[in-house]
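Be aware that the sequence shown starts at 228, since it is given in the working numbering, and climbs by one per residue.
By construction, the Cβ of each residue, glycine as well, lies at the ideal position given by its N, Cα and C atoms.
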Amino acid sequence: MCLAIPVKVVQLLEAEQALVDVGGVRKEVDVSLVDGVRVGDYVILHVGFAINRLDETEAQKTLAMLREMGVQPEAAA
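Structure (C-alpha coordinates):
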(Lines of atoms letter the chains of each structure in order from A and count residues from 1; the text may use other names and numbers.)
(Lines give C-alpha, C1' and ligand atoms only; values in the text may rest on other atoms or scores of the structure.)
Protein backbone atom coordinates (compact mmCIF):
# COMPACT_ATOMS: atom_id res chain seq x y z
CA MET A 1 0.00 0.00 0.00
CA CYS A 2 1.31 3.45 -0.90
CA LEU A 3 0.51 6.44 1.25
CA ALA A 4 0.85 10.13 0.58
CA ILE A 5 1.94 11.76 3.84
CA PRO A 6 2.62 15.30 5.07
CA VAL A 7 6.29 16.10 5.67
CA LYS A 8 8.07 19.30 6.70
CA VAL A 9 10.76 20.83 4.48
CA VAL A 10 13.87 21.43 6.60
CA GLN A 11 16.45 22.22 3.91
CA LEU A 12 16.46 23.05 0.20
CA LEU A 13 19.10 21.21 -1.81
CA GLU A 14 20.34 21.49 -5.38
CA ALA A 15 18.51 20.15 -8.45
CA GLU A 16 14.97 20.66 -7.08
CA GLN A 17 15.60 18.40 -4.11
CA ALA A 18 14.80 19.03 -0.45
CA LEU A 19 15.46 17.42 2.88
CA VAL A 20 12.19 16.72 4.72
CA ASP A 21 11.34 15.55 8.22
CA VAL A 22 8.53 13.37 9.50
CA GLY A 23 8.67 12.16 13.07
CA GLY A 24 12.42 12.70 13.29
CA VAL A 25 13.15 10.74 10.12
CA ARG A 26 14.83 12.84 7.42
CA LYS A 27 14.73 12.00 3.75
CA GLU A 28 15.79 13.62 0.49
CA VAL A 29 12.84 14.15 -1.87
CA ASP A 30 12.09 15.69 -5.26
CA VAL A 31 10.17 19.00 -5.06
CA SER A 32 10.07 19.77 -8.79
CA LEU A 33 6.28 19.28 -8.98
CA VAL A 34 5.49 22.04 -6.44
CA ASP A 35 6.33 25.67 -7.22
CA GLY A 36 8.04 27.88 -4.67
CA VAL A 37 8.75 25.36 -1.92
CA ARG A 38 10.47 26.99 1.08
CA VAL A 39 12.02 25.78 4.31
CA GLY A 40 9.23 25.35 6.86
CA ASP A 41 6.59 24.40 4.29
CA TYR A 42 4.60 21.20 4.66
CA VAL A 43 4.21 19.16 1.50
CA ILE A 44 2.45 15.92 0.67
CA LEU A 45 5.02 13.24 -0.13
CA HIS A 46 4.21 10.32 -2.43
CA VAL A 47 6.83 7.84 -3.66
CA GLY A 48 9.66 10.32 -3.19
CA PHE A 49 7.95 13.32 -4.79
CA ALA A 50 6.35 16.34 -3.14
CA ILE A 51 3.00 16.60 -4.92
CA ASN A 52 1.24 19.45 -3.10
CA ARG A 53 1.74 22.05 -0.37
CA LEU A 54 -0.53 22.28 2.68
CA ASP A 55 -0.71 24.41 5.80
CA GLU A 56 0.69 23.28 9.14
CA THR A 57 -2.74 22.82 10.75
CA GLU A 58 -3.89 20.43 8.03
CA ALA A 59 -0.55 18.60 8.11
CA GLN A 60 -0.77 18.05 11.87
CA LYS A 61 -4.41 16.90 11.65
CA THR A 62 -3.52 14.43 8.92
CA LEU A 63 -0.51 13.07 10.83
CA ALA A 64 -2.64 12.66 13.98
CA MET A 65 -5.33 10.82 12.01
CA LEU A 66 -2.77 8.48 10.48
CA ARG A 67 -1.38 7.68 13.94
CA GLU A 68 -4.92 7.02 15.26
CA MET A 69 -5.34 4.49 12.44
CA GLY A 70 -2.14 2.78 13.54
CA VAL A 71 -0.04 4.07 10.65
CA GLN A 72 3.44 5.25 11.57
CA PRO A 73 4.02 8.11 9.08
CA GLU A 74 7.77 8.06 9.72
CA ALA A 75 7.88 4.42 8.57
CA ALA A 76 6.01 5.29 5.38
CA ALA A 77 8.32 8.17 4.46
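| Query | Result |
| --- | --- |
| Of the residues Lys288, Glu255, Asp268, the one placed nearest Val279, counting alpha carbons only | Just to set this straight, residue 279 is Asn in the shown sequence, not Val. Minimum Cα distance to Asn279 is reached at Asp268. |
| Endpoints, the beta strand (DSSP E) within which Glu255 is located | 252 to 257 |
| Helix, strand or coil at Gln244 according to DSSP, with G and I counted as helix | strand |
| Chain-order list of residues whose beta-carbon lies under 8 Å from that of Arg253 (same chain, five-residue window excluded) | Val237, Leu246, Val247 |
| Range covered by the alpha helix (DSSP H) that runs through Arg294 | 283 to 295 |
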